[in-house]
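Each residue of the sequence shown is one higher than the one before, starting from 111 at the first, in my numbering.
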Amino acid sequence: MTFDDILAQVITLLKRQGRVSYRALKMRFDLDDEYLDVLKEELIDAQRIAMDEGGRILVWVGDTLGTAAVASQPAQSTQQPPLQQDQSTKIALPPTMPPIPEAERRQLTVMFCDLVGSVSKVEMD
Numbered sequence: 111m112t113f114d115d116i117l118a119q120v121i122t123l124l125k126r127q128g129r130v131s132y133r134a135l136k137m138r139f140d141l142d143d144e145y146l147d148v149l150k151e152e153l154i155d156a157q158r159i160a161m162d163e164g165g166r167i168l169v170w171v172g173d174t175l176g177t178a179a180v181a182s183q184p185a186q187s188t189q190q191p192p193l194q195q196d197q198s199t200k201i202a203l204p205p206t207m208p209p210i211p212e213a214e215r216r217q218l219t220v221m222f223c224d225l226v227g228s229v230s231k232v233e234m235d
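Here's what the structure looks like:
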């Protein structure tokens, strides 16, 4: 399996689960320490779609659209000459933002006070 294949599978796994331990990645994909370091560097520093949590967990922070397509494309070899493009035709990718929480819980305290004689009683005829 190539690096790009493993990278695409890890991205898919992270999108689905949200977080995964480095030990689980090493076991699942039979990775050595150096291979895992390169994978972390690609996901955290290069693509900025994941972050490290405590040196043990990889956490997904990327968007849910477009990332898999970018990751599944094979890397261009250095033997090809660079493409000549002017600045106006280059497409900029949107910056990745941390996911917004779906719901937020807040504690609410409600108190009702009734003072004696403040509410008059309506008498029925």
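By construction, the Cβ of each residue, glycine as well, lies at the ideal position given by its N, Cα and C atoms.
Under the three-state DSSP convention, the category V130 falls into:
Counted from its first residue, the sequence shown places residue 130 at position 20. Strand.
Going by the beta-carbon positions, is the gap between R158 and Y132 smaller than 8 Å?
Against the sequence shown, residue 158 aligns to sequence position 48. Against the sequence shown, residue 132 aligns to sequence position 22. The answer is no: Cβ separation not under 8 Å.
Contact check, A160 vs V171 under 8 Å by CB: the rounded distance?
Numbered from its first residue, the sequence shown carries residue 160 at position 50. Numbered from its first residue, the sequence shown carries residue 171 at position 61. Rounded, the Cβ-Cβ distance is 6 Å, consistent with contact.
What number of angstroms, rounded off, separates the C-alpha of L175 from the C-alpha of D142?
Counting from one through the sequence shown, the residue named residue 175 turns up at place 65. Counting from one through the sequence shown, the residue named residue 142 turns up at place 32. Here L175 scores only 45 on pLDDT, less than 50, and its place in the model should not be relied on; the value that follows carries that caveat. Cα to Cα, the separation comes out at about 30 Å.
When you compare only the Cα positions, how much space is there between G128 and L168?
As a working note, residue 128 is residue 18 in the sequence shown. As a working note, residue 168 is residue 58 in the sequence shown. Straight across, the Cα-Cα distance linking G128 with L168 is about 9 Å.
Start-to-end residues for the beta strand (DSSP E) that takes in V169:
Counting from 1 along the sequence shown, the entry for residue 169 is found at position 59. Unbroken beta strand (DSSP E) run through V169: I167 to W170.
Ends of the alpha helix (DSSP H) at D147?
Working through the sequence shown from its first residue, we reach residue 147 at position 37. Annotation: the continuous alpha helix (DSSP H) that includes D147 extends over D143 to K150.
Is L117 closer than 8 Å to E144 when the C-beta atoms are compared?
As a position in the sequence shown, residue 144 is number 34, starting the count at 1. As a position in the sequence shown, residue 117 is number 7, starting the count at 1. The Cβ atoms of E144 and L117 lie no closer than 8 Å to each other.
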